[in-house]
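Participant:
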DNA sequence: CCGTTGTCTTGACCGATTCAAAACAACTAA
DNA sequence: TTAGTTGTTTTGAATCGGTCAAGACAACGG
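Chains as they are written, first to last, in this note's numbering: chain A, 1 to 151; chain B, 1 to 151.
(1) Less than 8 Å separating the beta-carbons of residue 140(A) and residue 39(B)?
(2) Quick one: residues in its chain with C-beta nearer than 6 Å to the C-beta of residue 222(B), no 5 flanking neighbours on either side, listed in chain order?
(3) By the 10 Å Cβ neighbour count, where 16 or more other Cβ atoms means buried, how is residue 147(A) classified, buried or exposed?
(4) Suppose the cutoff is 8 Å on Cβ atoms and the five residues either side in sequence are ignored; what does the same chain contact list for residue 152(B) look like?
(5) Rounded to the nearest angstrom, what separates residue 42(B) and residue 14(A) at their Cα positions?
(6) At what residues does the alpha helix (DSSP H) containing residue 97(B) begin and finish?
(7) With burial defined as no fewer than 16 other Cβ atoms inside 10 Å of the residue's Cβ, what is the status of residue 86(B): buried or exposed?
(8) Sorted by chain position, which residues of the same chain lie with C-beta nearer than 7 Å to residue 1(A)'s C-beta, five sequence neighbours on each side aside?
(9) Who pairs with residue 23(A) in a beta bridge, going by DSSP?
(10) Nearest-angstrom Cα distance between residue 108(A) and residue 138(A)?
(11) Comparing alpha-carbon positions, which option in 142(B), 17(B), 52(B), 28(B) lies nearest residue 103(B)?
(12) If the cut is a Cβ gap below 9 Å, which residues of chain A does residue 81(B) touch?
(13) Please report the distance separating the alpha-carbon of residue 82(A) from that of residue 149(B).
(14) Ignoring anything shorter than 4 residues, give me the alpha helix (DSSP H) runs that lie fully in the segment 44-92 of chain B, in order along the chain.
(15) Residue 125(A) versus chain B: which residues are under 8 Å apart at the beta carbon?
(16) Show which residues of chain A have a CB atom less than 9 Å away from the CB atom of residue 105(B).
(17) Can you look up residue 142(A) in the DSSP assignment and give me helix, strand or coil?
(18) How many angstroms separate the CA atom of residue 17(B) from the CA atom of residue 62(B)?
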């Protein structure tokens with residue numbers, strides 16, 4: 001039992017199980033990244049590194065990138081890359097939900113596309129392409145940027 | 001009249017007009033970029049530079065970036081950034097069409113989203129965000145990658 | 001044809017991410 | 001419980017796509 005697991009309290013075991021169930025070794029950095037992603041969804045690599053740095057001493061950005069790469073490959077996290085901003089990572093995988101990106105500050109929110117997924121996300125003419133998945137990104141303003149806009 | 005305009009034949013005047021109409025000065029690099037984009041839609045900056053290099057001697061990648069930036073600002077071209085690949089540029093602006101990206105080779109195709117734009121591209125819960133535009137990206141395989149897949 | 005204004009050239013620089021080798025730690029099996 | 005194997009992290013450098021800045025230069029209106 002290390003300081004790292006202590007810092008996360010009772011969740012640590014559950015996090016470790018999820019990592020282990022994905023066929024990955026349980027390490028301090030991985031626990032810290034998973035923990036950070038739970039409290040900060042849609043975080044980028046640098047934000048995660050900052051968070052991880054608080055839990056694990058002597059770690060590096062490359063370690064975080066490595067963790068994120070293995071997590072993504074294992075299906076534990078999903079990577080999104082909004083145009084014009086560094087990659088973000090989230091724990092909601094499996095359900096294919098979509099995202100809203102704030103054009104002001106770059107904040108990202110989740111969007112469940114409820115209505116008529118079938119009709120509109122089936123392209124009309126794909127010009128020989130076989131479309132296998134669709135990804136929707138909405139662009140707008142987040143709550144606080146809307147407030148700032150009015151001022 | 002330079003070699004550049006000669007190489008493009010009768011189109012040169014039309015291209016020059018479009019650049020001029022956008023409020024930009026007509027230069028050799030700009031003509032070459034516009035010409036290259038007509039024969040290679042969804043081209044990236046390096047592909048455009050390679051094409052431009054054939055028309056204009058002694059030019060640079062930065063010049064192409066500069067042209068693309070001013071073109072984008074002027075509304076002459078639209079910039080798209082598929083996840084995991086460098087930015088692409090296209091001349092179809094105004095109509096908000098969408099794209100298919102080949103997961104095999106990165107090729108990009110246009111897609112007109114015909115059906116039910118209103119219902120499905122209006123998100124259900126935006127969590128305080130004000131969605132102003134929607135962007136759809138389809139992922140699949142292009143014709144030649146489908147063929148390669150079967151082999 | 002001249003002057004102004006905007007564009008291009010040249011070269012350095014930056015952020016985000018990846019690569020590589022060696023040190024190291026987690027898990028497995030004895 | 002411990003040793004070995006295998007996978008991870010550390011450390012450091014390098015790559016890729018793109019931007020920034022200053023001076024040289026060219027387009028276009030007058």
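Beta carbons: idealized from backbone N, C-alpha and C, even for Gly.
Facilitator: Considering the structure as presented:
(1) Not closer than 8 Å, so no.
(2) As shown, chain B starts at 1 and ends at 151. That puts residue 222(B) outside it, with no answer to give.
(3) Classification for residue 147(A): exposed.
(4) With chain B running from 1 to 151 in the structure shown, residue 152(B) is simply not present.
(5) Rounded to the nearest whole angstrom, the CA to CA distance from residue 42(B) to residue 14(A) is 46 Å.
(6) For residue 97(B), there is no enclosing alpha helix (DSSP H), as DSSP gives it neither H nor E.
(7) Exposed.
(8) For residue 1(A), the pLDDT reaches just 38, beneath the cut-off of 50, and the residue's location in the model is therefore unreliable, leaving the point undetermined.
(9) Answer is none; residue 23(A) lacks a bridge partner.
(10) Rounded to whole angstroms, residue 108(A) to residue 138(A) spans 10 Å at the Cα level.
(11) Of 142(B), 17(B), 52(B), 28(B), the residue nearest in Cα terms is 142(B).
(12) Neighbours of residue 81(B) on chain A, chain order: 81, 82, 83, 84.
(13) Looking at the backbone, the Cα of residue 82(A) and that of residue 149(B) are separated by about 29 Å.
(14) For secondary structure counted as the alpha helix (DSSP H) over 4 or more consecutive residues, the segment 44-92 of chain B holds these complete runs in sequence order: 45-55, 61-74.
(15) For residue 125(A), the neighbours in chain B by C-beta distance under 8 Å run, in chain order, 111, 112.
(16) Under the 9 Å cutoff, chain A gives no residues; its nearest Cβ is about 11 Å from residue 105(B).
(17) Coil.
(18) The alpha-carbon separation between residue 17(B) and residue 62(B) amounts to approximately 24 Å.
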